[in-house]
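Asks: Numbering (this note's numbering), first residue to last: 137 to 387.
Quick reminder that beta carbons are idealized off the backbone N, C-alpha and C, glycines included.
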């Protein structure tokens, strides 16, 4: 076990050094662009060649990060960019989410935190960069596909099914792990009831942990704001996520 942990640590350090090298190359590239705008023709001559070499190195880094067998990360975000009408909202964001860790994404209003969440969970497709979840490149996959891989989230503004009961809101997420066919659903077969009973039991357990058991038959819209926040977390947990993303949960 000690050897395995040491090996993983060395793998993470190796990737960290690669990132530092490419960050340094970004600085050099920006200097090249600045000199070109100042009409230093000698730099213009080599700028195209440098851009090509920089692109090759960046792609090499992406390949190493995504195929690194030593890494113990659940998610890897690499050089994510997002533009709206040519305006860059997120600029070259890179970080990893390791197992068993609590990470915080901190920044002022309008810094792009929710945009990063949306790119991680599939609400937005990044303009460039990659998102890897549990070893799979999910950059262009839909949110529901990413949920099946193992990521769930809450929202900055509460998004519950307001006219459904508290219990039904949680069971919606459990649908990801249900295994019955349309036939079973229409004719209410034994398999259908077994899956529904299992989902109901799990939903009630989650509500009990979060102190919402007494409200399970209430409509979601009738809960106080703080309990609606808890219900959104309960719904996210019901999909059995490996990564749980909370967007301003204490707001």
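For residue 302 versus residue 356, is the C-beta spacing smaller than 8 Å?
Replies: In contact: residue 302 and residue 356 (Cβ atoms closer than 8 Å).
Asks: Spatial neighbours of residue 363 within its chain, please: CB distance less than 8 Å, with the 5 preceding and 5 following residues excluded, ordered by chain position.
Replies: Contacts found: 348, 351.
Asks: According to DSSP, is residue 342 helix, strand or coil?
Replies: Residue 342 falls in the helix class under three-state DSSP.
Asks: If you measure between the beta carbons of residue 265 and residue 214, is that distance less than 8 Å?
Replies: Yes, they are a contact pair.
Asks: Taking Cβ positions, are residue 370 and residue 346 nearer each other than 8 Å?
Replies: Contact: yes.
Asks: Is the beta carbon of residue 249 sitting closer than 8 Å to the one on residue 241?
Replies: Result yes, Cβ atoms of residue 249 and residue 241 sit closer than 8 Å.
Asks: First and last residue of the alpha helix (DSSP H) that includes residue 397?
Replies: There is simply no residue 397 to check, as the chain begins at 137 and stops at 387 in what is shown.
Asks: Look at the alpha carbon of residue 289 and the alpha carbon of residue 277, and state the distance between them as a whole number of angstroms.
Replies: Between residue 289 and residue 277, the C-alpha separation is close to 16 Å.
Asks: Note down the Cα distance separating residue 321 from residue 310, rounded to an integer number of angstroms.
Replies: So the two alpha carbons sit approximately 15 Å from each other.
Asks: In this structure, does DSSP put residue 333 in helix, strand or coil?
Replies: If DSSP states are grouped into helix, strand and coil, residue 333 belongs with the helices.
Asks: Applying the criterion that 16 or more other CB atoms from any shown protein chain within 10 Å of the CB defines a buried residue, is residue 323 buried or exposed?
Replies: So residue 323 counts as exposed.
Asks: Quick check on this structure: which residue in 210, 233, 255 has the alpha carbon closest to the alpha carbon of residue 227?
Replies: Answer by Cα proximity: 255.
Asks: Indicate the three-state DSSP secondary structure (helix, strand or coil) for residue 231 in the structure shown.
Replies: Of the three classes helix, strand and coil, the one that applies to residue 231 here is strand, per DSSP.
Asks: According to DSSP, simplified to helix, strand and coil, what is residue 357?
Replies: Residue 357: helix per DSSP, three-state reduction.
Asks: Over what stretch of residues does the beta strand (DSSP E) that includes residue 375 continue unbroken?
Replies: Residue 375 -> no beta strand (DSSP E), and no H or E assigned at all.
Asks: Terminal residues of the continuous alpha helix (DSSP H) containing residue 238?
Replies: Here residue 238 belongs to no alpha helix (DSSP H), and DSSP marks it neither H nor E.
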